[in-house]
Amino acid sequence: MEIKLQLKQNNSVDQFNFDQFQFGVEATDHMLVAKYKDGQWESATIRPFESLQISPLAMCLHYGQTVFEGLKAYKQVNGDLSIFRLDRHHARMNESLRRMAMPELPEALFCEGIKQLVGLEQDWISDLEGYSLYIRPFMIATEERLGVSISKEYLFMVVCTPMAAYYSKPLKVKVERQYTRAAKGGVGAAKNGGNYGAAYYPANLAQQEGFDQVIWTDGRDHEYVEESGTMNLMFIIDGKLITPPVGETVLAGVTRDALLTLAKDLRWDVEERPISLSEIKMAFESGKKVEAFGVGTAAVIAPFEQIHMDGVDYFPSVDADAKMFQLKQQLTAIRSGEQTDKFGWNTLLNAPVLG
Ligand SMILES: *Cc1c(COP(=O)(O)O)cnc(C)c1O
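For what it's worth, our numbering labels the leading residue of the sequence shown as 25, then goes sequentially.
Shown next, in the form of structure tokens:
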């Protein structure tokens, strides 16, 4: 699949202040745009970033056929450019697209398009430690029609935004036992926009009560923990790493998978199984050492310092020697090239991509 290139006249990266910026507000100079119509991808172009023109009848504005991904590119310590787990993000985007009855993306469009775009935008990745380029691929239904049916036209786009080193201050979280993020048979496993819109209200209520985020529980009994906010959820109880299994209601996080792989490689005890609230309560009440944290692309690990459950507060360990930080350190070292990439997670762009 040919990807055309239209370069911007004057790049704005030289004026960008890497010392002070808000994540996700300013896009890089270029974006990838590909159009799908009547069963095929028609064109793909990398062109200057600009606003879209879209009909008010476009179906994505009404019926929620939208899917997105989030991944990162890094400048490694030796200067090589690297994209973290590009193929896995491609596979997951296609899984989400299938569930939303949207066309899948060929590798030649998703992977090659992202590689070319990142190569072009590499000056947006600062050499400062921990900086990265956040890559946001997404697809929307664009057929212009108010009829409730599967759209026949789509726009696939990739935009990028710089990201500074991400420090996640320990979070106070509340176990949510009224609202539901995902139900069996629903769309919780897909990265579709509606899942986020549906989570704002309960998250906002928790924030009004002084918490940073919620821990979602199963939609049937609200008895088993599933995810936290938009991150997967992990516990380390007496040295054993425990996390709920992915499936219909728990999204298959790429960070989750990477951390589990690393933990198994370190020969830690690892269990993927349902975790009940009573198990968590008991672990705290019997004085076991408990670490609890969210995991996702943005923060890698977001430690919890307080868990509010049925009116009682529990305090997991966030000590500097907590085991979760070992995992984060390992993952960071692989991404930055300081440690051997023995699982083949880095897609390197050291060859000049644009010939
Ligand atoms: C994106 C996402 C995650 C984390 O996935 P990563 O691939 O690790 O970034 C977890 N849960 C939900 C609901 C998500 O949307």
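Where is the CB? At the ideal position from N, CA and C, for every residue including glycine.
Assigned secondary structure, residue i (DSSP; H/G/I helix, E/B strand, else coil)
| i | result |
| --- | --- |
| Leu81 | coil |
| Met124 | coil |
| Tyr178 | strand |
| His332 | strand |
| Asn35 | coil |
| Val377 | Only weak support exists for where Val377 lies, its pLDDT of 49 falling under 50; the value from the coordinates is given anyway. The answer is coil: DSSP assigns Val377 none of H, G, I, E or B. |
| Ile70 | strand |
| His54 | strand |
| Tyr225 | helix |
| Val342 | coil |
| Gly143 | helix |
| Met306 | helix |
| Asp111 | helix |
| Lys312 | coil |
| Asp368 | Checking the sequence shown, residue 368 turns out to be Gly, not Asp. If DSSP states are grouped into helix, strand and coil, Gly368 belongs with coil. |
| Tyr60 | strand |
| Asn118 | helix |
| Gly209 | coil |
| Arg169 | coil |
| Ala214 | coil |
| Gly277 | coil |
| Ile260 | strand |
| Thr285 | helix |
| Arg244 | coil |
| Glu131 | helix |
| Tyr158 | strand |
| Thr90 | strand |
| Phe349 | helix |
Integer Cβ distance of residue i from residue j, believed to fall under 8 angstroms
| i | j | result |
| --- | --- | --- |
| Ile381 | Ala97 | Any answer about residue 381 is impossible in this case: the structure gives the chain only from 25 up to 379. |
| Leu257 | Val249 | 6 angstroms |
| Gly48 | Thr204 | In fact, because the Cβ distance is near 27 angstroms, the residues do not count as touching under 8 angstroms. |
| Val142 | Leu301 | No, Val142 and Leu301 are not in contact; Cβ-Cβ is about 42 angstroms, not under 8 angstroms. |
| Tyr432 | Phe180 | Here the chain covers residues 25 to 379 and nothing more, so residue 432 does not appear. |
| Val101 | Ser360 | 6 angstroms |
| Glu177 | Glu167 | 4 angstroms |
| Leu283 | Leu355 | 7 angstroms |
| Met124 | Ala214 | 6 angstroms |
Candidates the options, of which the one nearest residue i by Cα
| i | options | result |
| --- | --- | --- |
| Thr241 | Thr279, Thr273, Lys176 and Val182 | Thr273 |
| Leu265 | His246, His332, Asp289 and Pro80 | Asp289 |
| Arg109 | Glu93, Val101, Arg122 and Asn102 | Glu93 |
| Gly137 | Gly154, Tyr87, Leu152 and Ile107 | Ile107 |
| Val197 | Ile331, Ala125 and Thr321 | Ile331 |
| Leu56 | Glu295, Ile159 and Ser36 | Ile159 |
| Glu251 | Gly210, Ile260 and Val319 | Val319 |
| Gly243 | Gln363, Val211 and Pro161 | Val211 |
| Asp147 | Ala51, Thr356 and Met126 | Ala51 |
| Asp151 | Val182, Asp104, Ile164 and Leu121 | Asp104 |
| Gly88 | Pro72, Phe73 and Met126 | Met126 |
| Glu128 | Leu157, Lys139 and Ile164 | Ile164 |
| Gly263 | Gln350, Ala206 and Ala227 | Gln350 |
| Gly253 | Asp365, Ala230 and Met348 | Ala230 |
| Lys99 | Gly368, Met187, Ser341 and Ser120 | Met187 |
| Lys139 | Arg123, Phe40 and Pro161 | Pro161 |
| Ala132 | Ala58, Pro72 and Ser156 | Ala58 |
| Phe40 | Cys135, Phe134 and Glu145 | Glu145 |
| Asn35 | Asp53, Phe42, Gln46 and Phe45 | Asp53 |
| Val294 | Met306, Ile261 and Ala322 | Ile261 |
| Ala3 | Val336, Val342 and Met333 | A question about residue 3 goes unanswered here, because the residues of the chain that appear run from 25 up to 379. |
| Thr321 | Thr364, Leu157, Gln232 and Ile304 | Leu157 |
| Asp245 | Ser173, Val183 and Ile299 | Ile299 |
At least three beta-carbon pairs within less than 8 angstroms, the region 212-225 to the region 315-325: no
Inter-stretch contact (C-beta, 8 angstroms, three-pair minimum) for the region 226-239 and the region 181-192: no
Nearest-residue set for ligand 1, Cβ under 6 angstroms from any heavy atom: Gly94, Lys215, Glu251, Thr254, Met255, Asn256, Leu275, Gly277, Val278, Thr279, Arg280, Gly320 and Thr321
Touching by the beta-carbon criterion (3+ pairs, under 8 angstroms), the region 275-295 and the region 110-124: yes
Cβ contact (3+ pairs, closer than 8 angstroms) linking the region 26-43 and the region 58-73: yes
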